[in-house]
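K.L.:
First, the structure itself, so that you have it in front of you.
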Amino acid sequence: AIMQSEDNKVVDLYIPRKCEATNKLIHPTDHASVHINIAQVDANGVITGSSDSITIGGYMRRRGYADCALNRLFHDRKLLS
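For the sequence shown, the positions run 3 to 83 when the working numbering is used.
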């Protein structure tokens, strides 16, 4: 249940994030987790305004699997050939 105002704005104090490699919730005190935004660009290299977001939990980074997970996620989104 998401708390919304009358203007349909989210007013929750905390919105949990999920690791995209493992689909596990990221705890609010997980200071090793990262959230990466990749901007979309046109043919001239100008930012179009939209972006892709990738979130990796600290567990994956501590275990040394973040590089492999990022490569897989980039490949699935056609950001890496």
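Glycine included, every Cβ here is placed at the ideal spot set by N, Cα and C.
#1: By Cβ distance below 8 Å, which residues in the same chain neighbour residue 26 in space, the five residues on each side in sequence not counted?
#2: Just to confirm the assignment: which complete alpha helix (DSSP H) runs, minimum length 4, are found wholly within the region 28-73?
#3: To the nearest angstrom, how far is it from the Cα of residue 35 to the Cα of residue 44?
#4: Applying the 10 Å Cβ sphere with the 16-neighbour rule, what's the burial state of residue 82?
#5: Who are residue 12's beta bridge partners in DSSP?
P.N.:
Straight from the coordinates:
#1: Hits under 8 Å: 20, 59 and 61.
#2: Taken in chain order, the complete alpha helix (DSSP H) segments of 4 or more residues contained in the region 28-73 are 60-65.
#3: Going from the Cα of residue 35 to the Cα of residue 44 covers about 30 Å.
#4: If you draw a 10 Å sphere on the C-beta of residue 82, you find fewer than 16 other C-beta atoms in it, and that means exposed.
#5: Looking at the DSSP assignment, residue 12 forms a beta bridge with 6.
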